[in-house]
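Scroll down for the structure; my scribbles are underneath it.
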Amino acid sequence: MTTMTVNGEKERRSRTLDVVTNSATTVIILQEQTPNENVVNISAAAATTTEVLVWRRPWIVALCLFSIFTLPWIYFVVFRRYWILEEWNAALPGLGDSVFRKLSIRSHMTFGCICLLCVPIQLILPNTVMCWRHRISRNIHRYTGRLYVICAILSFVFGQWFICLKQFRLVGGYNMGAAFSFAGLCIAYFAYMTWKTAPSKNTRNNNTSTSDNNHNQKYTIENHRNYAIRSFSQIIAPILYRYWYIVMSILRLHVPPPEYNERNNRTNDDDEDVPPSLICDDHNVCPDYERPVDAIFCWLYWISAWIVAEIVIICLPDHKSKSNNINATTATQENQDMEHATLITRIDSMNGEKSFVSVVNFVGCFLAGITIMVTGYILSAIFMPQNN
85 MTTMTVNGEK ERRSRTLDVV TNSATTVIIL QEQTPNENVV NISAAAATTT EVLVWRRPWI
145 VALCLFSIFT LPWIYFVVFR RYWILEEWNA ALPGLGDSVF RKLSIRSHMT FGCICLLCVP
205 IQLILPNTVM CWRHRISRNI HRYTGRLYVI CAILSFVFGQ WFICLKQFRL VGGYNMGAAF
265 SFAGLCIAYF AYMTWKTAPS KNTRNNNTST SDNNHNQKYT IENHRNYAIR SFSQIIAPIL
325 YRYWYIVMSI LRLHVPPPEY NERNNRTNDD DEDVPPSLIC DDHNVCPDYE RPVDAIFCWL
385 YWISAWIVAE IVIICLPDHK SKSNNINATT ATQENQDMEH ATLITRIDSM NGEKSFVSVV
445 NFVGCFLAGI TIMVTGYILS AIFMPQNN
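Residues in the sequence shown are numbered consecutively from 85, following this note's numbering.
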């Protein structure tokens with residue numbers, strides 16, 4: 085707790101502003117004391133505090149459970165399939181038809197997975213006070229951030245190269261080719277802007293950054309935070325593309341397209357042991373991905389993530405740094421009255437922020453509930469398979 089006293093004429097009055105700030109809670113207490121009066125607390129509804137509280141736990145639960153889904157997916161779907169077994173057509177047709185397609189799709193998936201592994205580090209370290217006090221933690225955040233930006237841009241480059249090799253005709257046709265191209269462009273742009281707005285290590289205590297990539301102090305730490313939220317929403321969107329298919333399957337809202345099975349497409353037998361497979365034409369376009377729901381979902385999966393990111397950005401409280409705190413000054417009675425009015429206005433504005441933060445808390449609880457449902461479904465399917 086930091087206590088700052090604005091000293092005026094001792095015979096008349098003194099004001100004390102107690103500011104309690106941490107990464108999850110900001111509490112402002114304004115007390116006015118006079119020699120002949122008891123302490124008068126200025127606050128809404130005769131209370132002494134105005135709180136802006138962002139709940140961490142729902143977001144931590146969602147992040148941890150989402151990682152339970154993501155880490156096995158990275159190993160089995162990317163590393164094992166494309167690096168060890170080289171099963172290029174195990175899920176989708178046409179991925180391994182040429183050397184350049186193999187190189188582009190494998191590089192695209194690999195760099196994207198590196199970004200996914202960097203996301204928890206980027207999210208956790210800046211919001212953990214004990215870790216952020218140590219220089220090594222700040223360096224980890226800085227260098228993994230640079231790795232994240234480089235890999236995000238390379239993932240877009242190789243992904244767009246693959247789309248061009250396919251002549252913008254993916255398994256969902258030209259519609260999917262256009263949707264994935266715009267999604268990749270958003271990934272690269274937001275990652276670049278996250279680096280562009282990053283603060284310098286020499287100006288960490290100021291709200292304005294002056295790093296080499298942030299010329300003329302154009303961007304603030306709040307800009308960096310906002311672009312990072314947008315970037316993270318887009319880098320996890322490809323995982324959400326699979327994730328929401330599972331959610332729709334659990335709720336029986338839609339049947340996801342099956343995976344491509346070369347054996348079932350090479351033979352005409354009706355063996356029940358052979359799982360259903362995608363049926364695709366000579367251009368590797370599959371009608372299952374051209375259904376109305378799937379065609380819309382090609383755009384909705386990353387646009388919806390972007391919308392949620394913007395809602396979170398709008399509803400989050402403003403970034404508070406040490407330089408924003410009110411300094412202790414000696415002022416005349418008139419200046420003290422002006423400061424008094426300013427502080428009351430600030431408290432009123434924080435009351436508005438409190439209502440907006442509740443939206444962030446609702447989104448966090450909703451995402452935590454979704455991740456709990458999907459994780460439970462996956463674990464039950466693994467450990468308690470149903471016998472048909």
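Here a beta-carbon is modelled for each residue, glycine too, at the ideal position from N, C-alpha and C.
- In this structure, L231 sits away from I271, with a CB-CB distance that is not shorter than 9 angstroms.
- N259 and R219 have their C-alpha atoms spaced approximately 47 angstroms apart.
- A direct Cα-Cα distance of roughly 17 angstroms separates A275 from I391.
- Scanning the segment 363-409 for uninterrupted beta strand (DSSP E) segments of 3 residues or longer gives nothing; none is fully contained.
- Shown here, T281 sits in coil according to DSSP, grouped into three states, outside any helix or strand.
- Sequence-distant Cβ neighbours of L324 in its own chain, meaning closer than 7 angstroms and more than five residues away, are Y385, A389.
- In this structure, P341 is the residue among P341, S315, I313 with its C-alpha nearest to the C-alpha of R326.
- Per the coordinates, the alpha-carbon of F195 lies some 30 angstroms from the alpha-carbon of R375.
- C248 is classed as exposed because its beta carbon has fewer than 16 other beta carbons within 10 Å across all chains shown.
- I387 has its alpha-carbon roughly 23 angstroms from the corresponding atom of T281.
- For the 9 angstroms CB-CB criterion, I334 and M457 form a contact.
- If you draw a straight line from the Cα of S221 to the Cα of G229, it is about 12 angstroms long.
- Counting only the Cα atoms, L254 lies some 16 angstroms from F184.
- Within the same chain, no Cβ atom closer than 7 angstroms to the Cβ of F450 is found once the five residues on either side in sequence are excluded.
- Only residues of its own chain outside the window of five on either side were considered, and among them L200, I323 have a CB closer than 7 angstroms to the CB of T154, listed in chain order.
- A direct Cα-Cα distance of roughly 30 angstroms separates W328 from E306.
- Within the same chain, and ignoring the five residues on either side of R314 in sequence, the residues whose Cβ sits closer than 6 angstroms to its Cβ are F274, A393.
- As the crow flies, the alpha-carbon of I462 is around 36 angstroms from that of P401.
- Between C370 and the set P204, G257, R140, I144, the nearest pair of CA atoms involves G257.
- Apart from the 5 residues on each side of it in sequence, E171 sits with its Cβ closer than 7 angstroms to the Cβ of R165 in its chain, given in chain order.
- Less than 9 angstroms divides the Cβ of L149 from the Cβ of A452.
- Beyond the five residues adjoining it in sequence on each side, C399 comes within less than 7 angstroms, by CB distance, of F440, V441, V443, V444 in the same chain, given in chain order.
- Rounded to whole angstroms, the separation of the alpha carbons of L147 and G460 is 15 angstroms.
- The criterion of a C-beta distance shorter than 9 angstroms is not satisfied by I319 and F246.
- Ranked by Cα distance from K250, the first of I454, T455, H367 is H367.
- Close CB contacts of V145 within its chain, under the 8 angstroms cut and outside five residues either way in sequence, are with A452, T455, I456 (chain order).
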